[in-house]
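First comes the structure, then the notes that go with it.
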Amino acid sequence: MKPVRVLEGRAVPLERSDVDTDQIIPSEWLKRVERTGFGRGLFSEWRDDTTFVLNQPEYAGATILVAGARFGTGSSREHAVWALMDYGFGAVVASSFGDIFRNNSSKQGLVTVQLSASDLDELSTLVKDNPALLVVVDVEKLVVEVPEAGWRRAFVLDSMTQERLLEGWDDIGISLRRVDAISQYEATSHAPSLEHVFDAEGHAHSL
Amino acid sequence: MARTLYEKIWDDHVIEGPKDESALLYIDLHLVHEVTSPQAFDGLRLNGRTVRRPDLTLATADHNVPTDPLSTPITDPISRRQLEALDENCREFGITVFPRGHENQGIVHVIGPELGVSQPGMTIVCGDSHTATHGALGSLAFGIGTSEVEHVLATQTLPQQKAKTMAVVVNGTAPSNVSAKDIVLAIVGRLGTGGGAGYVIEYRGEAIRNLTLEGRMTLCNMSIEAGARAGLVAVDETTIEYLRGRPGVPAGDAFEEAAARWRTFVSDDDAHFDETITLDASDLVPYVTWGTNPAQVVALNGVVPSPDDSVSSDERDTISRALEYMDLTPGTPLRDIPVDVVFIGSCTNSRIEDLRAAAAVAAGSKVSAGVRALVVPGSRRVKNQAELEGLDRVFIEAGFEWREPGCSMCLGMNPDILTPGQRCASTSNRNFEGRQGRGGRTHLVSPVVAAATAIMGRFASPEEVSA
Ligand code: SF4
Chain Y
229 MKPVRVLEGR AVPLERSDVD TDQIIPSEWL KRVERTGFGR GLFSEWRDDT
279 TFVLNQPEYA GATILVAGAR FGTGSSREHA VWALMDYGFG AVVASSFGDI
329 FRNNSSKQGL VTVQLSASDL DELSTLVKDN PALLVVVDVE KLVVEVPEAG
379 WRRAFVLDSM TQERLLEGWD DIGISLRRVD AISQYEATSH APSLEHVFDA
429 EGHAHSL
Chain R
367 MARTLYEKIW DDHVIEGPKD ESALLYIDLH LVHEVTSPQA FDGLRLNGRT
417 VRRPDLTLAT ADHNVPTDPL STPITDPISR RQLEALDENC REFGITVFPR
467 GHENQGIVHV IGPELGVSQP GMTIVCGDSH TATHGALGSL AFGIGTSEVE
517 HVLATQTLPQ QKAKTMAVVV NGTAPSNVSA KDIVLAIVGR LGTGGGAGYV
567 IEYRGEAIRN LTLEGRMTLC NMSIEAGARA GLVAVDETTI EYLRGRPGVP
617 AGDAFEEAAA RWRTFVSDDD AHFDETITLD ASDLVPYVTW GTNPAQVVAL
667 NGVVPSPDDS VSSDERDTIS RALEYMDLTP GTPLRDIPVD VVFIGSCTNS
717 RIEDLRAAAA VAAGSKVSAG VRALVVPGSR RVKNQAELEG LDRVFIEAGF
767 EWREPGCSMC LGMNPDILTP GQRCASTSNR NFEGRQGRGG RTHLVSPVVA
817 AATAIMGRFA SPEEVSA
């Protein structure tokens, strides 16, 4: 993935809590075998509604999504992250996130910024009152700020996630460097192999 | 030091480095399905990587498969492409796969346990958030995203942060009309959709011990609905007897040896949990969800709640929005709400015991006029067993559709979907907006409440059918 250090852009206030991944990208979009093109499906059930915030011209081109509590709960579909990024978002700010969604985001370089509910409200109000405001998410310093409004808050990322974002590291490559330790572990593992359970056609060998 | 079950499995699987916080964990079993894997296999090819342990990887077609008779071709070209991609990827990388029509095919969380490949003490992952289902066998099982699927394919490991532990203790004996589904709906209602976030839940207490293994699967299945990535139940004789004789476990003395090891997968007596929640099973009743998240639960005997019941304005908004989407009026008794569709199926409630319980309610009655009722067995093995017992006849005579196994109307990726505005009583696990089809309205219930609701045409308990 690409390294992410500082994101600067306008933000869009979603003002909804409990936005689950079924709402971020409905299941009809999950049939694709590609990794691209999901932006068109982002929040697709809401986008028919002309009053939906993403349809407002003043928020067009925003790159930071300001959500509510428990953003990205539910299904493990990484397609939710692909959809947000394909649409153009680089960061999501919320007061809490679904675990798997947060994990998936960190693998793709989507920054998840967790703020307290009151800080989130403040940010939401700022960008609602003035959609043109520039918001800065700094992964290096772990702060989110609206310079024009003199508003600035710190956020937390675990050091592994922060490092990966900053360096653009591929997790698999990191783990594969420990292949000797993995082999050593396998020599003592209790995991039963399926080789002795199923034949080449997947039929269970009878006992 | 005394350890919880979770900590024991965690310690057993740390490959190297400190045993706490963040570690590289070995994965014993990786289950794969067609929806979250194609991009992972692509990633492997792009980077010239292989699957490290195809023999610890097992794939099945479930999310996308039509539940029409097998002779019907798959008309949706994108679904067909995805199913073909799964077959091709598995062939290319040497992974055992159960395609549509295979004797072992079924919903990934139904087939792992029923084939006996999900076993106590294991780490099990799948690109699916309901992987915790396998925790019923005393394993650490959790859902992952596609990047992590690729990671496990390539390395058979996953970097993980250690979770906090929560004991959910259900004391006492549940009334006879309260099923495992009702227990978990009560728990999710109590914890809320975020209450379990960051925790691994161990379900404990007399009412849990009294559940069958399949009931424990229903319970663990919905851990994610409370925000927890994993939920598990300690091994006991119910676990051992469930596994005996299944294809994936050894036979004879080797089984007894394995069982002796499995019996150690329990929390030590004085193990410390970071959080403990206690419920009394005798307080529980049959539940129905009324809203658009699984924590919005109310007793079947109850009424639709009102936004005014809540103190916070945030919560009032959430309730109002849910009521609007669900087209419900506060104060309406649940029993007065008519349904259009009943779905019995999904990895929560599509196993043989679920079908037996639903069939017992449906036997001799007729599905209410105008209601469409579907029964979708969780796997081909479940379907075959049900047909052996004549359950298919019971359902068909009562006016239910008896369909081929798969995820079906749980998430509406195949042709089984709700049309906008339709109301459905569903034994699945998510009532999110649009989950079962755009504009569809989902109420989560147990299999017996689903069957009774199909017969009565409105939310109903089994006693009303026989009355
Ligand atoms: S039945 Fe539903 S919840 Fe279970 S794996 Fe399939 S889609 Fe997911």
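As they're listed, the protein sequences go chains Y and R.
Offset between the first sequence (1-based) and the working numbering: plus 228.
Offset between the second sequence (1-based) and the working numbering: plus 366.
We put the beta carbon where it would ideally sit given N, CA and C, even for glycine.
None of the values given here were measured: they were computed from a predicted structure.
In this structure, residue 795 (chain R) has its beta carbon less than 7 Å from a heavy atom of the ligand SF4. Judged by their CB atoms, residue 354 (chain Y) and residue 322 (chain Y) are not nearer to each other than the 8 Å cut-off. Rounded to whole angstroms, the Cβ separation of residue 727 (chain R) and residue 814 (chain R) is 5 Å, and the two are in contact under 8 Å.
By the Cβ neighbour-count rule, residue 802 (chain R) is buried, with 16 or more other Cβ atoms within 10 Å of its own.
Listed as beta-bridge partners of residue 340 (chain Y) by DSSP are Y:320. Inter-segment contact for the stretch 288-295 of chain Y and the stretch 262-279 of chain Y is absent: fewer than three beta-carbon pairs are separated by less than 8 Å. Assignment of residue 310 (chain Y) by DSSP, reduced to helix, strand and coil, places it in the helix class. Annotation for residue 608 (chain R): 579 place their beta carbon closer than 7 Å to its own, counting only its chain and skipping 5 residues before and after. Nearest neighbour of residue 392 (chain R) by Cα position, chosen from R:495, R:681 and R:519, turns out to be R:519. Contact of residue 510 (chain R) with chain Y is assigned, a C-beta pair being separated by under 8 Å. Chain order gives no chain R residues near residue 381 (chain Y), where near means a beta carbon separation below 7 Å; the closest approach is about 20 Å. Among the residues of the stretch 248-265 of chain Y, those with a Cβ less than 8 Å away from any Cβ of chain R are 248, 250, 251, 254, 255, 256, 258, 259, 260, 261, 262 and 263, in the order of the chain. Between the C-alpha atoms of residue 606 (chain R) and residue 715 (chain R) there is a straight-line separation of about 22 Å. Chain R places no beta carbon closer than 8 Å to that of residue 369 (chain Y), leaving this residue out of the contacts. Among the bridge pairs identified by DSSP, residue 655 (chain R) is matched with R:663. With contacts defined as CB atoms closer than 8 Å, residue 436 (chain R) and residue 400 (chain R) fail to qualify as a contacting pair. Per DSSP, the beta bridge partners of residue 509 (chain R) are R:492. Taking the C-beta atoms as reference points, residue 410 (chain R) is found no nearer than 8 Å to residue 490 (chain R). Closest option to residue 359 (chain Y), judged by alpha-carbon separation, among Y:411, Y:233 and Y:237: Y:237.
Taken in chain order, the whole alpha helix (DSSP H) runs of length 4 or more contained in the stretch 527-593 of chain R are 546-557, 572-575 and 579-587. 398, 399, 400, 401, 402, 403, 404, 406, 407, 409, 410, 412, 413, 414, 417, 418, 419, 420, 421, 422 and 423: these are the residues of the stretch 397-423 of chain Y whose beta carbon lies less than 9 Å from some beta carbon of chain R, given in chain order. Here residue 250 (chain Y) really is in contact with residue 800 (chain R); their C-beta atoms are around 6 Å apart, less than 8 Å. Relative to the ligand SF4, even the nearest heavy atom lies 7 Å or more away from the CB of residue 586 (chain R). Inter-residue distance for residue 516 (chain R) and residue 670 (chain R) is about 44 Å (C-alpha atoms, whole angstroms).
When beta bridges are read from the DSSP output, residue 745 (chain R) appears opposite R:472. Contact check for residue 406 (chain R) against residue 512 (chain R) passes: the beta carbons are separated by less than 8 Å. The closest heavy atom of the ligand SF4 lies 7 Å or more from the beta carbon of residue 790 (chain R).
Taken in chain order, the members of the stretch 779-804 of chain R whose beta-carbon sits within less than 8 Å of a beta-carbon on chain Y are 779, 796, 798, 799, 800, 801 and 804. Rounded to the nearest angstrom, the gap between the Cα atoms of residue 428 (chain R) and residue 473 (chain R) is 5 Å.
Residue nearest to residue 446 (chain R) within the set R:755, R:821, R:788 and R:781 is R:781 (criterion: CA-CA distance). At a C-beta separation below 8 Å, residue 322 (chain Y) has no neighbours in chain R, since its nearest C-beta there lies roughly 11 Å away. Against chain Y, the beta carbon of residue 421 (chain R) has neighbours under 7 Å at 421, 422 and 423, listed in chain order. In chain Y, no part has a C-beta under 7 Å from the C-beta of residue 653 (chain R); the shortest such distance is about 19 Å. Setting aside the 5 residues that flank it on each side, residue 548 (chain R) is surrounded in the same chain by 540, 650, 651, 652, 653 and 812, each with a C-beta closer than 8 Å to its C-beta; the list follows chain order. Residues of the stretch 583-606 of chain R that bring their beta carbon within less than 7 Å of a beta carbon in chain Y comprise 593 and 595, in sequence order.
Interface flag for residue 632 (chain R) against chain Y is unset, since no Cβ pair is found closer than 8 Å.
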